[in-house]
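Asks:
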Amino acid sequence: DTEVTQTPKHLVMGMTNKKSLKCEQHMGHRAMYWYKQKAKKPPELMFVYSYEKLSINESVPSRFSPECPNSSLLNLHLHALQPEDSALYLCASSQDPGGGSDTQYFGPGTRLTVL
Amino acid sequence: DAKTTQPTSMDCAEGRAANLPCNHSTISGNEYVYWYRQIHSQGPQYIIHGLKNNETNEMASLIITEDRKSSTLILPHATLRDTAVYYCIVRVRAGANNLFFGTGTRLTVIP
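Chains as they are written, first to last, in our numbering: chain A, 13 to 127; chain B, 279 to 389.
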């Protein structure tokens, strides 16, 4: 089973709202990732959690706040977003952080629209 | 960091083999080549990866040149469901696990 689940599938929020995206995997993977994908562009890395600790933050604005409550869950808390933050947000997980041939498996994504 | 170059788009007739090239001339000796694909508005799907030797699985074959400066993903019998953007990725930042997605190749399988 290589399933990563993400909720919600779609989210519409105003610029003053606070919302959260959720990601879950039950493959025993020790690394989890958030990517952002704008329309007609490739995914871009935002954050990496390795063994439940934040290991990479790709200079993401503080209005995006990641959280890894345990090894199976990854959240992305959203606050005071801008319309340009509208995108597909993808979660991924992998078995062996730092391993040369480690494979990432992606969830279906959350389509976020900021009004 | 090794980067990749892929054609922007390709067409393939249904039932024929689709051969998708990728150049990665600055690849380091310990960097793997990964292939993912993304069907419209879905999450990227892992296809295959390799280091030096050619690899095959139930989805595709990966042919890596001896100098490792290029590779080809082969879908042996393309179907309409293989229409997608295909990304060739070389792992960057040894010790980290992030993937750098280039612009990819948009493969269209034609009936």
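C-beta: ideal position from N, C-alpha, C; glycine also.
Rounded to a whole number of angstroms, what is the C-alpha to C-alpha distance between lysine 50(A) and proline 95(A)?
Replies: If you take the alpha carbons of lysine 50(A) and proline 95(A), they lie about 12 Å apart.
Asks: Between which residues of its own chain and serine 303(B) is the CB-CB distance below 7 Å, once the five residues before and five after are set aside?
Replies: Closer than 7 Å at the Cβ level, and outside the excluded window around serine 303(B), lie Lys347.
Asks: Taking the alpha-carbon of proline 299(B) as reference, which of Thr286(B), Ala291(B), Gly307(B) and Glu292(B) has the nearest alpha-carbon?
Replies: Nearest option by C-alpha distance: Thr286(B).
Asks: Taking the straight line between their C-alpha atoms, what separation do you get for methionine 337(B) and methionine 27(A)?
Replies: Taking the straight line joining both Cα atoms gives about 43 Å.
Asks: Could you compute how far the alpha carbon of leucine 33(A) sits from the alpha carbon of proline 73(A)?
Replies: One C-alpha to the other measures close to 16 Å.
Asks: Compare the C-alpha of serine 71(A) against each of Trp46(A), Lys31(A), Thr19(A) and Ser105(A) and name the closest.
Replies: Residue Trp46(A) is the option with its Cα nearest to serine 71(A).
Asks: Who does isoleucine 367(B) pair with in a DSSP beta bridge?
Replies: Answer by DSSP bridge pairing, in chain order: Tyr312(B).
Asks: Kindly indicate which residue of Leu124(A), Leu127(A), Phe118(A) and Thr125(A) has the alpha-carbon position closest to the one of alanine 43(A).
Replies: Closest by alpha carbon: Phe118(A).
Asks: Compare the C-beta of glycine 142(A) with all C-beta atoms of chain B and state if any pair is closer than 9 Å.
Replies: Past the boundaries of the shown model lies residue 142(A); chain A is included only from 13 to 127, so the question cannot be answered.
Asks: For leucine 127(A), I'd like the list of residues in its chain whose CB is within less than 8 Å of its CB, leaving aside the five on either flank, ordered along the chain.
Replies: Excluding sequence neighbours, leucine 127(A) sits near Val24, Met25, Gly26, Met27 and Pro95.
Asks: Please state whether DSSP places proline 73(A) in a helix, a strand or coil.
Replies: Three-state result, proline 73(A): coil.
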